[in-house]
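Protein chains in written order, with the working numbering: chain X, 18 to 327; chain P, 3 to 111.
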């Protein structure tokens, strides 16, 4: 790629085809012999990113409200997918946490853990519900010959799910033959296999999210599906925020009353509350909550606006 | 119309103001805007504004064999710019009056 073309690589392809040559001519005119300045490059990077966001109907008000609602819903779905990954990590990290916490200190973390579990179930049911409502539209989409477009991401996600399922079964059988110590880090082979399995799960979640977004783009939503997407996106964003807040509250409660649980130390041993796996999981969860709120804001503001004349 | 043009330093208003005096290509626009408004628009901001304005039918490209394609303001663009200028002028008038400065002539709102 030539340096000129590299300058406009941040823009969407359609935009580049229409304005790319003009923009490069402008950059040439604006630049001294030394080529584009750093601020010009920054301007192109930011503007290119903005054009991408506009193309996806994620910013601006120049796209129809329905496009903006769907864009908001897609953002919330991505946030939920990230939260699912963080939630799996949290579930592993928090295994058997009650065993290290005195009974008198269990109320708040127990409550927060319950919030995580309840909203995880609510989110999973919501996604399932929207998929069920979308089935007739999906069938119509496939009948209209769009299966060819969606085939690759759907088959990739289904294939990864099969591999993940087999790997889960294999790992479970192996785990039952190990001692608790081996399962928790002393067996290097099991640890490596577990990390590969975790990566596989992440890949599966990412693949299904890509497939769902691809399918959503090609769906012609019925009024029922549009309503289901709106309600589902609202419930998912609420669940994402609730789970992120509950993970933080659970962490704070244990950091104050039983930090040794977070460090994996014995009961009563001094320990730092900064457990790095939990820092990562909570960080992803909070980021997902912020992104979900941004998506919900987009969804609500688009729903309130009237269709715009172009 | 989707969005009203607002602040006087918005690239869209600056581009429309520049094109109100005649068709220009990108670099001529950037130089003119710097001259009359003291604002140096980056290439990304300038073409972002051109994209929005063309999408909304407020400017249109002129035929050109060169990569430096000129743009001209449309009738709808003139109406929109007049609206934005009046809006800004009312703020200027109110501010000038309240600060005891000389006011400028305006049409009623």
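Note that CB positions come from ideal geometry on N, CA and C, so glycine has one too.
In angstroms, rounded to a whole number, what distance separates the CA positions of residue i and residue j?
i              : j              : result
residue 36(X)  : residue 162(X) : 33 Å
residue 31(X)  : residue 173(X) : 27 Å
residue 150(X) : residue 250(X) : 14 Å
residue 230(X) : residue 152(X) : 14 Å
residue 135(X) : residue 306(X) : 16 Å
residue 193(X) : residue 302(X) : 31 Å
residue 63(P)  : residue 47(X)  : 20 Å
residue 102(P) : residue 91(P)  : 16 Å
residue 224(X) : residue 70(X)  : 21 Å
residue 101(X) : residue 254(X) : 13 Å
residue 80(X)  : residue 88(X)  : 10 Å
residue 313(X) : residue 183(X) : 36 Å
residue 147(X) : residue 242(X) : 8 Å
residue 19(P)  : residue 44(X)  : 22 Å
residue 129(X) : residue 264(X) : 7 Å
residue 64(X)  : residue 41(P)  : 17 Å
residue 304(X) : residue 209(X) : 28 Å
residue 207(X) : residue 285(X) : 29 Å
residue 67(X)  : residue 92(X)  : 16 Å
residue 68(P)  : residue 99(P)  : 49 Å
residue 326(X) : residue 97(P)  : Low per-residue confidence applies at residue 326(X): pLDDT is 38, beneath 50, and the placement is therefore not dependable, though the value from the model is reported in the following sentence. If I take the Cα positions, the gap works out to 34 Å.
residue 106(X) : residue 213(X) : 13 Å
residue 76(P)  : residue 21(P)  : 9 Å
residue 311(X) : residue 77(X)  : 14 Å
residue 233(X) : residue 203(X) : 45 Å
residue 154(X) : residue 239(X) : 7 Å
residue 131(X) : residue 61(X)  : 47 Å
residue 187(X) : residue 110(X) : 21 Å
residue 80(P)  : residue 56(P)  : 13 Å
residue 90(X)  : residue 75(X)  : 10 Å
residue 66(P)  : residue 144(X) : 52 Å
residue 58(X)  : residue 252(X) : 40 Å
residue 86(P)  : residue 30(P)  : 22 Å
residue 133(X) : residue 98(X)  : 15 Å
residue 205(X) : residue 181(X) : 21 Å
Near residue i, which residues of its chain fall below 7 Å by C-beta distance, leaving aside the five closest residues on each side in sequence?
i              : result
residue 40(X)  : 25
residue 86(X)  : 247, 316, 319 and 320
residue 25(P)  : 64, 72, 73 and 74
residue 324(X) : Note that residue 324(X) scores 49 on pLDDT, short of 50, meaning its location in the model is unreliable and no value can be drawn from it.
residue 299(X) : 264, 265 and 268
residue 117(X) : 275, 277, 278 and 284
residue 288(X) : 276, 277, 279, 280 and 282
residue 4(X)   : The structure shown does not extend to residue 4(X), since chain X is modelled only from 18 through 327, so no value can be given for it.
In chain order, what residues of the same chain have a beta carbon less than 6 Å from the beta carbon of residue i, not counting five sequence neighbours either side?
i             : result
residue 72(X) : 29
residue 83(X) : none
residue 78(P) : 59 and 60
Please classify residue i: is it buried, with 16 or more other beta-carbons within 10 angstroms of its beta-carbon, or exposed?
i              : result
residue 53(P)  : buried
residue 45(P)  : buried
residue 169(X) : exposed
residue 113(X) : exposed
residue 237(X) : exposed
residue 185(X) : exposed
residue 216(X) : exposed
residue 34(X)  : exposed
residue 308(X) : buried
residue 160(X) : exposed
residue 28(P)  : buried
residue 226(X) : buried
residue 104(X) : buried
residue 256(X) : buried
residue 84(P)  : exposed
residue 228(X) : buried
residue 164(X) : exposed
residue 95(X)  : buried
Leaving aside the five residues before and after residue i along the sequence, list all residues of the same chain whose C-beta is less than 8 Å from its C-beta, in chain order.
i              : result
residue 127(X) : 115
residue 111(P) : Low local confidence applies: a pLDDT of 49 at residue 111(P) is under 50, so the model's placement there is unreliable, with the coordinate-based value given in what follows. Once the five neighbours on either side are set aside, the close Cβ partners of residue 111(P) are 88 and 92.
residue 3(P)   : Residue confidence is low: residue 3(P) scores 43 on pLDDT, short of 50, so the model does not pin down where it sits. Its coordinate-derived value is still stated next. Answer for residue 3(P): 58 and 82, listed in chain order.
- Let me know the alpha helix (DSSP H) ranges lying completely inside the region 25–58 of chain P, each 4 residues or longer, listed in chain order. The DSSP assignment places complete alpha helix (DSSP H) segments of no fewer than 4 residues inside the region 25–58 of chain P at 28–39 and 45–57, in order along the chain.
- Message: Give the list of continuous alpha helix (DSSP H) stretches no shorter than 4 residues that lie fully inside the region 155–202 of chain X.
- Response: Listed in chain order, the complete alpha helix (DSSP H) runs (minimum 4 residues) inside the region 155–202 of chain X are 164–193.
- Query: Taking one C-beta from the region 185–204 of chain X and one from the region 246–256 of chain X each time, how about it: are there three or more such pairs within less than 8 Å?
  - Reply: no
- Is the region 259–279 of chain X in contact with the region 132–150 of chain X, if contact means three or more CB pairs nearer than 8 Å? yes
- Stretch-stretch touch, CB-based, cutoff 8 Å, three pairs: the region 115–128 of chain X with the region 269–280 of chain X: yes
- Are there three or more Cβ pairs, one per stretch, closer than 8 Å when the region 281–289 of chain X is compared with the region 44–54 of chain X? no
- Task: Please specify which runs of the alpha helix (DSSP H), each continuous and at least 4 residues long, are wholly inside the region 240–324 of chain X, giving them in chain order.
- Result: 240–274, 276–280 and 293–321
- Message: Restricting to runs no shorter than 4 residues, where is the alpha helix (DSSP H) found entirely within the region 99–166 of chain X?
- Response: 124–158
- Query: Given 8 Å as the limit, is there contact between the region 12–21 of chain P and the region 44–52 of chain P, that is, 3 or more CB pairs closer than that?
  - Reply: yes
- Message: Counting beta carbon pairs with one atom in the region 211–227 of chain X and one in the region 169–188 of chain X, are three or more of them shorter than 8 Å?
- Response: In the pairwise beta carbon analysis, the region 169–188 of chain X is classified as touching the region 211–227 of chain X: at least three pairs are separated by under 8 Å.
- Item | Length-filtered (3 minimum) beta strand (DSSP E) runs lying within the region 22–93 of chain X | none
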